[in-house]
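One structure is given here, and the rest of the page talks about it.
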Amino acid sequence: MARRSRTERLDRVRGKRRRLYVVASAVSAVALGAIVLALVLAGVDAGAEPAAAELEADTIGMLAADEATISIDASETVQGLIEVPNVTGSPIEEAELLLGAAGFEVVRVSTPPGDVASGTVLAQAPPAGERVLTGSAIELVWADPTATATGTTLIGQRSYGRSPVVCIDPGHQERANTSPEPIGPGASETKAKVTGGGTGVVTKQAEYKLVLAISLKLKERLEARGVTVVMTRTTDAVDISNSQRAKVASNAGADLFVRVHADSSTNADIRGISTLYPSGNDWVAPIETRSLAAAKAIHSAVLVSTGAGDRGLAKRADLSGFNWSTVPAVLVETGYLSNPVDDRALADPSYQNTIADGIAAGIFAYLGM
Ligand SMILES: [Zn+2]
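Just so you know, numbering that gives the first Met the number 0 puts 141 at position 142 of the sequence shown, and the rest follows in order with no gaps.
What follows is the structure, encoded as structure tokens:
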């Protein structure tokens, strides 16, 4: 188990983050994005009762029969979580002192002052009230007197100093590769490299084809807003294991790794959308907080966009495609191929559009665009 220590990994992540967060001159889009994110997250919190629903394991989960259900509790308290205080409206130095004393790392995001008081915090992400891990980075958008407007709104450039990068992974492939691979770096436990995915109970559509169609629609929407998209695959006849897919996202330095799947269950009545995020082991500890924030934003937006039933958020420690990722990751189960209603809806390109719209909106909110 040659795992890096938690401190080492956190330092590495923070170092990377510092390099990413250079001064942006993105004007009001930045603040607006942070506010939208805050609203989306607040909406999720208000709407998501501790679901405690039980999900059938997705076919990608490849769980043993006795592990085939997982409980969901989006509001469950995770050890080490602390509430983010409200510093919006405070002078930046005060905000930094307060957050530093509370154990947070502060990342400044500059924007020209415009009409607001110079030196004031205009927005923060995560928003006040959000519970995050101790030591998490809090981004503060502040009115920086030295920042200059470029005249054009650099939507999507935010604090990155570059276009945000999103890696999209359309799940599965035409032919399964059941040879084993470690479920995480240094793991002795293994899983099949990649499975073939589910099949529509009515339409007989293949999951790998469906999720590629949705993923390509998502790619269009992200690129239209200036996001750099990296695809793990754009055709069906590939052989890319789940760990390799995570490495594609990690090597690309993606700001988010979005895995697109459709679910299956032995209970044909179950339908709706769930969003999975990595949690519960040392491999994913550095990406858990960010992944959860992305999962909340995406899940909320895709439910609104599709009107689909809410199957909740689910934390997963058992997915190779999460455990090998060094960047925040989510997996959207876009519906149940085992349910006739979901299956027919998923086969409809216009419904696929609403899924892509929702996932895209959630990604924009998460990225603060
Ligand atoms: Zn799947």
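Ideal Cβ placement from N, Cα and C applies to all residues, glycine included.
Contact check, residue i vs residue j, beta carbons under 8 Å
| i | j | result |
| --- | --- | --- |
| serine 273 | glutamate 332 | yes |
| valine 229 | valine 164 | yes |
| valine 86 | threonine 110 | no |
| alanine 205 | threonine 198 | yes |
| valine 226 | serine 162 | yes |
| valine 210 | proline 277 | no |
| glutamine 172 | isoleucine 239 | yes |
| asparagine 322 | glycine 196 | no |
| serine 242 | leucine 336 | no |
| serine 117 | alanine 142 | yes |
| glycine 320 | alanine 261 | no |
| threonine 353 | serine 304 | yes |
| leucine 275 | alanine 313 | yes |
| valine 120 | isoleucine 81 | no |
| serine 212 | glutamine 351 | According to the sequence displayed, residue 212 carries alanine and not serine. It is a contact, given that the beta carbons lie within the stated cut-off. |
| alanine 296 | alanine 364 | yes |
For residue i, the first and last residue of its enclosing alpha helix (DSSP H)
| i | result |
| --- | --- |
| glycine 386 | Residue 386 falls outside the range modelled here, since the chain spans only 0 to 368, and no answer is possible. |
| glutamine 351 | 348-366 |
| alanine 146 | Segment: none, alanine 146 is in no alpha helix (DSSP H) and carries neither H nor E. |
| alanine 101 | No alpha helix (DSSP H) contains alanine 101, which DSSP labels as neither H nor E. |
Opening and closing residue of the beta strand (DSSP E) in which residue i lies
| i | result |
| --- | --- |
| glycine 334 | 328-335 |
| serine 299 | Element bounds for serine 299: not the beta strand (DSSP E) but the alpha helix (DSSP H), 284-305. |
| valine 210 | Not the beta strand (DSSP E): valine 210 falls in the alpha helix (DSSP H), residues 206-223. |
| glycine 311 | 309-315 |
| alanine 191 | 189-193 |
| glutamine 172 | Glutamine 172 -> no beta strand (DSSP E), and no H or E assigned at all. |
| isoleucine 401 | In the structure as shown, the chain begins at 0 and stops at 368. Residue 401 is therefore absent and cannot be evaluated. |
| valine 120 | 120-124 |
Cutoff 7 Å; reference residue i; Cβ partners in own chain excluding five residues on either side
| i | result |
| --- | --- |
| arginine 343 | Val201, Thr202 |
| alanine 253 | Val164, Val165, Cys166, Val229, Val326 |
| arginine 174 | Gly195 |
| leucine 221 | Val165, Val228, Ala359, Ile362 |
Beta-carbon proximity list for residue i, same chain, < 8 Å, skipping 5 on both sides
| i | result |
| --- | --- |
| leucine 97 | Pro84, Val86, Ser89 |
| alanine 346 | Gly199, Thr202, Gln204, Leu209 |
| glycine 425 | What the structure shows of the chain is the stretch from 0 to 368, and residue 425 is not part of that stretch, so it cannot be assessed. |
| glycine 271 | Ala307, Gly308, Asp309, Arg310, Gly334, Tyr335, Asp341 |
| arginine 315 | Gly60, Ile69, Leu275, Tyr276, Pro277, Ser278, Gly279, Phe321, Leu330 |
| asparagine 374 | The requested residue 374 does not occur in the structure, where the chain is confined to residues 0 to 368. |
| serine 339 | Sequence check: residue 339 is proline here, not serine. Excluding sequence neighbours, proline 339 sits near Val200, Val201, Ala267. |
| serine 349 | none |
| threonine 189 | Pro179, Glu180, Pro181, Ile182 |
| glutamate 93 | Val86 |
Own chain, CB closer than 6 Å to residue i, minus 5 neighbours either side, in chain order
| i | result |
| --- | --- |
| arginine 369 | The structure shown does not extend to residue 369, since the chain spans only 0 to 368, so no value can be given for it. |
| leucine 302 | Asp309 |
| leucine 255 | Val165, Ala293, Pro327 |
| valine 115 | Ala142 |
| leucine 291 | Tyr276 |
| alanine 95 | The sequence as given places glutamate at residue 95; alanine does not occur at that position. Cβ neighbours of glutamate 95 beyond the five flanking positions: Val105. |
| serine 187 | none |
Segment contact, 8 Å Cβ cut-off, at least three pairs: the stretch 355-362 with the stretch 207-222: yes
3 or more residues per run - each beta strand (DSSP E) lying fully within the stretch 228-269: 255-262
Stretch-stretch touch, CB-based, cutoff 8 Å, three pairs: the stretch 278-285 with the stretch 227-247: no
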